[in-house]
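J.:
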Amino acid sequence: MNRIIIILVIVILAACTSDNPIKQDSILLEAGQFPQKWELVAMSGMIANVPPTQGDDMAWQEHYILAADGTFVKTRDYNDEQIVATGVYELVKLEDGDYLRLAHKSHNEIIGNCGNSPEEYLRFEISNSLVGTWWACDGPGLFYERTQ
739 MNRIIIILVI VILAACTSDN PIKQDSILLE AGQFPQKWEL VAMSGMIANV
789 PPTQGDDMAW QEHYILAADG TFVKTRDYND EQIVATGVYE LVKLEDGDYL
839 RLAHKSHNEI IGNCGNSPEE YLRFEISNSL VGTWWACDGP GLFYERTQ
């Protein structure tokens with residue numbers, strides 16, 4: 739009987755993961771050295787059956803530079819203007835997967851999210867691919883790949 743209770747407790751504890759930080763030695767660090775550059779490689783809109791735009795056809799160009807100390811710089815080139823935002827990042831495990839949470843130092847027009855807070859979440863699809871969550875609330879689908 740005690741063995742069944744112990745197994746049930748282990749199963750319940752293993753299933754209870756929400757906004758918990760991921761160990762620093764997972765996902766991002768497995769991907770390699772720092773700094774890491776994650777570039778926007780494709781973007782899509784909300785119209786069904788329309789393929790994503792890529793390269794120079796995208797509405798803007800942008801990338802994140804992630805440093806080993808947990809800070810980031812986001813740079814967007816749009817209409818011959820460069821916009822820069824900075825902050826800190828952490829890896830979090832949510833119910834539907836592993837995410838990179840980016841907490842910006844201040845509100846900025848290049849923050850892509852579904853709310854009013856100065857943070858973004860990017861979901862890890864595979865080890866060298868991130869997808870923005872802005873898509874969930876009618877923002878563009880943003881697809882990033884690690885380039886260094």
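Residue numbers (our numbering): 739 to 886.
For glycine and all other residues, C-beta sits at the position ideal for the given N, C-alpha and C.
May I ask which residues mark the beginning and end of the beta strand (DSSP E) holding residue 788?
T.: Counting from one through the sequence shown, the residue named residue 788 turns up at place 50. Per DSSP, residue 788 belongs to no beta strand (DSSP E) and is neither H nor E.
J.: What would DSSP say about residue 793, mapped onto helix, strand or coil?
T.: What you label residue 793 is simply residue 55 of the sequence shown in a count that begins at 1. Look at residue 793 here: in three-state DSSP terms it is helix.
J.: Looking only at C-alpha atoms, which of 836, 877, 845, 839 sits nearest to residue 821?
T.: Sequence index remark: in the sequence shown, residue 821 carries index 83 (1-based). Minimum Cα distance to residue 821 is reached at 845.
J.: Contact between the region 823-840 and the region 858-876: three or more CB pairs below 8 angstroms?
T.: yes
J.: Can you tell me which of the three DSSP states residue 798 falls into?
T.: Reading the sequence shown from its first residue, position 60 is the one you call residue 798. DSSP places residue 798 in coil when its eight states are reduced to three.
J.: Confirm the yes/no value for this check: CB of residue 859, any heavy atom of the ligand ADP, distance under 8 angstroms.
T.: Judged by which ligands are present, the structure shown has none, so any question about the ligand ADP falls away.
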